[in-house]
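For the first sequence, our numbering begins at 1013 and goes up steadily by one.
For each residue, glycine too, the CB sits at the ideal point set by N, CA and C.
Working notes, beginning with the structure itself.
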Amino acid sequence: MRLRQLYDRLHKAYGPQHWWPADSPFEVMVGAVLTQNTSWSNVEKAIANLKTHHHLDAEAIANASHQQLAHWLKPSGYFNIKAKRLQNFCRWYQAQGGYAALNRLDTVALRKALLDVNGIGPETADDIVLYAFHRPVFVIDAYTRRLLTRLGLVEGEESYEELRAFCERGLVRVAEPVQIFNEFHALIVMHAKVSCKKNPLCESCAIERHCPAIGVSA
DNA sequence: GTCCAGGGTTCGT
DNA sequence: ACGAACCATGGA
């Protein structure tokens, strides 16, 4: 199966996902940090806390006490390390001049700048670049790696950058790469959450080969 | 109620 | 290059 075909099947099975679930680019960035190694439902509660206390704002987060911030972030797990990372990110974001200034960078420079921030790794950087700045980078996460491996499209031990290059190359001629990459990642997450859970066999074998949603029926 | 899986990044070694 | 540390939540 080719990537384009996988996309079509996922899209047909699950429909438009309208990601990222956030009210502003800055909320996307906060969510990208908080969702590191944790499920989205946990992140929503932490973001709701920030909203309730009028702290979903780079300056407010930058100036909050570590203790206060960690308390609000508690539902998203790893609250001490995330308070530190989020605060570090917000101080950097302000120092850079905020969204407008960063948006003047080209995609490669923007991605590189984000990766230099302590607490921002490749997936978090790409979440931000794609979903907050609408640039064409393909986000690789554990679900993506697992699905591509099960489908036999990749070996599985590739580096993050190798997988990203593989996905971007495989979709190099699409008309609207930002829109396709946006939807593709969302669909992979949807498939992992819904289809695999629904079918108990999914976690223990390459069920995608037999998955009615995206693959050949048995 | 108890146990356990899942999910990124950094920092040691 | 590899393992350890960081944590609440939801399902079994």
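The beta carbon of Ala1070 sits closer than 6 Å to those of Cys1102, Tyr1105, Gln1106, all from its chain and outside the five residues before and after it, given in chain order. Counted as a single uninterrupted DSSP element, the stretch harbouring Ala1187 is not any alpha helix (DSSP H), since DSSP gives it neither H nor E.
Phe1145 and Met1013 have their C-alpha atoms roughly 30 Å apart.
For Tyr1026, the uninterrupted alpha helix (DSSP H) run begins and ends at 1015 to 1026, by DSSP.
Linking Arg1021 to Val1201 through their CA atoms gives a straight-line distance of about 14 Å. In this structure, DSSP gives Glu1167 a state outside helix and strand, which the three-state scheme calls coil. Rounded to whole angstroms, the Cβ separation of Pro1037 and Tyr1090 is 23 Å, and the two are not in contact under 8 Å. Under the DSSP assignment, His1078 falls in the alpha helix (DSSP H) whose first and last residues are 1078 to 1085. Shown here for Asn1115: same chain residues with a beta carbon closer than 7 Å to its own, the five before and five after excluded, namely Phe1145 in chain order.
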